[in-house]
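In what follows, a structure is listed as structure tokens, so that the remarks can point back to it.
2 protein chains.
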Amino acid sequence: MKEREISDKEIINYLQDTLYVINGKWKLPVLMAIKRGSTRFREIQRYVPPITSRVLSSELKLLEQNKLVTRKVYDEIPVLVEYTLTTYSETLFPIIELMVYWGKDHRKVIAGK
Amino acid sequence: MKEREISDKEIINYLQDTLYVINGKWKLPVLMAIKRGSTRFREIQRYVPPITSRVLSSELKLLEQNKLVTRKVYDEIPVLVEYTLTTYSETLFPIIELMVYWGKDHRKVIAGK
DNA sequence: GTAACCAGTATTAAAAAGGATACCGGTGAA
DNA sequence: TTCACCGGTATCCTTTTTAATACTGGTTAC
Chain A
0 MKEREISDKE IINYLQDTLY VINGKWKLPV LMAIKRGSTR FREIQRYVPP
50 ITSRVLSSEL KLLEQNKLVT RKVYDEIPVL VEYTLTTYSE TLFPIIELMV
100 YWGKDHRKVI AGK
Chain B
0 MKEREISDKE IINYLQDTLY VINGKWKLPV LMAIKRGSTR FREIQRYVPP
50 ITSRVLSSEL KLLEQNKLVT RKVYDEIPVL VEYTLTTYSE TLFPIIELMV
100 YWGKDHRKVI AGK
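In the order they appear, the protein sequences are chains A and B.
So the first sequence is numbered by numbering that gives the first Met the number 0: it starts at 0 and just counts up by one.
So the second sequence is numbered by numbering that gives the first Met the number 0: it starts at 0 and just counts up by one.
In structure tokens form, the structure reads like this:
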């Protein structure tokens, strides 16, 4: 039994759905920061300069809504907040990694004439 | 001889370079439209609704600047303008295709809970 | 001749994204 | 006690993006 082909309109819709989730300058860099080991708010902020706390705060909320990031609060003294990736977010990293390599090459393409 | 590892900062920079090129709602859908066979201005516009001609016009210029699209003018009567993909743009399609499939699944993930 | 299509441009406005700066209450170290 | 760090929020402002609408000059189809 064969899968139905994806129509032109569906392709555009799916693509736009993805773009809607990852849009803007910050969401993917923030995910990458967490992936690379930054879990604390200030830590992420230092990793992805020069994002302001206002913007980082709102990006993290959107990432949470899209089930890409989990926010955990530990009731220690002082209170500790940790951001971690969901397992679902792993599905996004093949795309992000391709984008990293593409950006690296693109720099050469544009510079090299 | 081993390649040097990419540092944290470079990763973020390359990623941001890529995001800078593809940012916004329209550039990737426009590339996809051309890929799927739309070469004329109005044809692309119909393929990617509801983009206005003003926005499409400026997106196409940016795509040209980044060597992803070629604009050819045929001096016929009436004048004919054709947009085609560069071979370089092919390097972007693995990313775009992953994004199409990711968007398809993401819809289920968000809806299904 | 009038309507419609072509490839856009012009003008204006609205909405969204992002940035600057200051500040909060709490803790901990010097 | 003063300073710095933590995880943010509040307020205000600028820039960027996107949209709405109209229009141009030329061409073909009815």
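We treat Cβ as the ideally placed atom computed from N, Cα and C, and that holds for glycine.
Cβ contact (3+ pairs, closer than 8 Å) linking the region 6-19 of chain A and the region 37-47 of chain A: Judged by Cβ distances under 8 Å, the region 6-19 of chain A makes no contact with the region 37-47 of chain A, as fewer than three pairs qualify.
TODO: Answer yes or no: does any C-beta atom of chain A fall closer than 8 Å to that of GLN15 of chain B?
DONE: Walking along the second sequence from the start, residue 15 of chain B turns up at place 16. Yes - at least one Cβ of chain A is within 8 Å of the one on GLN15 of chain B.
Exercise for the section: Confirm, please, whether the CB-CB distance from LEU67 of chain A to LEU30 of chain A is below 8 Å. Expected result: Start at 1 with the first residue of the first sequence, and residue 30 of chain A comes out as number 31. Start at 1 with the first residue of the first sequence, and residue 67 of chain A comes out as number 68. When the beta-carbon positions are compared, LEU30 of chain A and LEU67 of chain A come within less than 8 Å of each other.
Just checking, does the region 94-108 of chain A make contact with the region 82-96 of chain B on the three C-beta pairs under 8 Å criterion? Contact between the region 94-108 of chain A and the region 82-96 of chain B is present, because at least three Cβ pairs lie under 8 Å.
Checklist entry - From what residue to what residue does the alpha helix (DSSP H) around GLU42 of chain B run? => result Looking up residue 42 of chain B in the second sequence gives position 43. 40-46 is the span of the alpha helix (DSSP H), which, as asked, contains GLU42 of chain B.
Return the residue from the list A:VAL80, A:PRO93, A:LYS34 and A:ARG35 that minimises the CA-CA distance to SER56 of chain A. The sequence position of residue 56 of chain A within the first sequence is 57, counting from 1. Just measuring C-alpha positions, the residue of A:VAL80, A:PRO93, A:LYS34 and A:ARG35 sitting nearest SER56 of chain A is A:VAL80.
Backbone CA spacing between ILE95 of chain A and LEU27 of chain A [nearest angstrom] = Here residue 95 of chain A refers to the residue found at position 96 of the first sequence. Here residue 27 of chain A refers to the residue found at position 28 of the first sequence. Cα to Cα, ILE95 of chain A sits roughly 7 Å from LEU27 of chain A.
### Task
Let me know if TYR19 of chain A comes out buried or exposed under the rule of 16 or more other beta-carbons within 10 Å of its beta-carbon.
Here residue 19 of chain A corresponds to residue number 20 of the first sequence, with the count starting at 1. Flag for TYR19 of chain A reads exposed.
Does any CB atom of chain A fall closer than 8 Å to the CB of THR90 of chain B? Here residue 90 of chain B refers to the residue found at position 91 when the second sequence is read from its first residue. For THR90 of chain B, the answer is yes, since a Cβ of chain A falls inside 8 Å of its Cβ.
Checklist entry - With burial defined as no fewer than 16 other Cβ atoms inside 10 Å of the residue's Cβ, what is the status of ILE33 of chain A: buried or exposed? => result Mapped onto the first sequence, residue 33 of chain A falls at position 34. Buried is the call here.
* To do: Please determine, among B:THR83, B:GLN15 and B:TRP25, the residue with the shortest C-alpha to C-alpha distance to SER52 of chain B.
  => Looking up residue 52 of chain B in the second sequence gives position 53. Measuring from the Cα of SER52 of chain B, the nearest candidate turns out to be B:TRP25.
If you measure from the beta carbon of PRO49 of chain B to each beta carbon in chain A, is any gap under 8 Å? Residue numbering aside, residue 49 of chain B sits at position 50 when the second sequence is read from its first letter. No, PRO49 of chain B does not count as interfacial toward chain A.
Original post:
Within 8 Å (strictly less), CB to CB, does GLY147 of chain B reach chain A?
Top reply: Look at the range of chain B in this structure, 0 to 112, and you will see that residue 147 of chain B is not part of it.
(request) Check the Cβ of LEU59 of chain A against every Cβ in chain B and list those closer than 7 Å, keeping chain order. (result) The residue given as residue 59 of chain A occupies position 60 in the first sequence. What LEU59 of chain A touches in chain B: nothing, since even the nearest Cβ is about 17 Å away.
Notebook entry, point to check: Which residues bound the alpha helix (DSSP H) around LYS8 of chain B?
Noted result: The count along the second sequence starts at 1 and reaches residue 8 of chain B at position 9. Where LYS8 of chain B is concerned, the enclosing alpha helix (DSSP H) stretches over 7-21.
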